[in-house]
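Here is the structure we will look at, set down as structure tokens.
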Amino acid sequence: MWNRYDDVILALFSLTFICWRASAADVLLNVEVHLERPLWSQYDPHHIAELVFAVANLLAIVHLLFFFQITEAIGPLQMIGDRHTFPSR
552 MWNRYDDVIL
562 ALFSLTFICW
572 RASAADVLLN
582 VEVHLERPLW
592 SQYDPHHIAE
602 LVFAVANLLA
612 IVHLLFFFQI
622 TEAIGPLQMI
632 GDRHTFPSR
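The structure is reproduced here in structure tokens:
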């Protein structure tokens with residue numbers, strides 16, 4: 552199950568990179584006057600890239616949280632100030 556989950560995360564990050572490249576190419580090809588964001592197209596590659604990047608980051612964080620729950624050594628790790636300590640038993 553986690554292999555497919557990781558594949559989805561990698562695919563989303565790859566799609567983000569592709570959308571950023573498409574956005575850069577669009578800017579280079581269509582030399583336009585600077586438009587404010589509300590005037591951009593709804594399907595602008597930069598908007599899509601930001602959406603996909605946010606979803607990919609969310610999935611990656613959820614994956615890390617699951618990993619921290621199942622790992623005995625890292626699971627009880629607590630952050631206190633600038634130190635990382637394990638709780639005393």
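Take any residue in the sequence shown, count from 1 to its spot, add 551: that is its number in our numbering.
We put the beta carbon where it would ideally sit given N, CA and C, even for glycine.
Here's a check: name, in chain order, each residue in its chain whose Cβ is nearer than 6 Å to the Cβ of residue i, leaving out the five neighbours to either side.
| i | result |
| --- | --- |
| F604 | T567 |
In the DSSP assignment, the alpha helix (DSSP H) including residue i goes from what residue to what residue?
| i | result |
| --- | --- |
| D557 | W553 to L580 |
Would you say residue i and residue j are within 8 Å of each other, going by their C-beta atoms?
| i | j | result |
| --- | --- | --- |
| P596 | A562 | no |
| W553 | A600 | no |
| W591 | H598 | yes |
If I measure Cβ to Cβ from residue i and keep anything under 8 Å in the same chain, skipping five residues before and after, which residues do I get?
| i | result |
| --- | --- |
| I560 | A607, L610, A611 and H614 |
| Y556 | L610 and H614 |
Identify, in the order they occur along the chain, each residue of the same chain with its Cβ nearer than 7 Å to the Cβ of residue i, setting aside the five sequence neighbours on each side.
| i | result |
| --- | --- |
| D577 | P596 |
### Query
Is the number of C-beta pairs between the segment 562 to 582 and the segment 603 to 618 that are closer than 8 Å three or more?
yes
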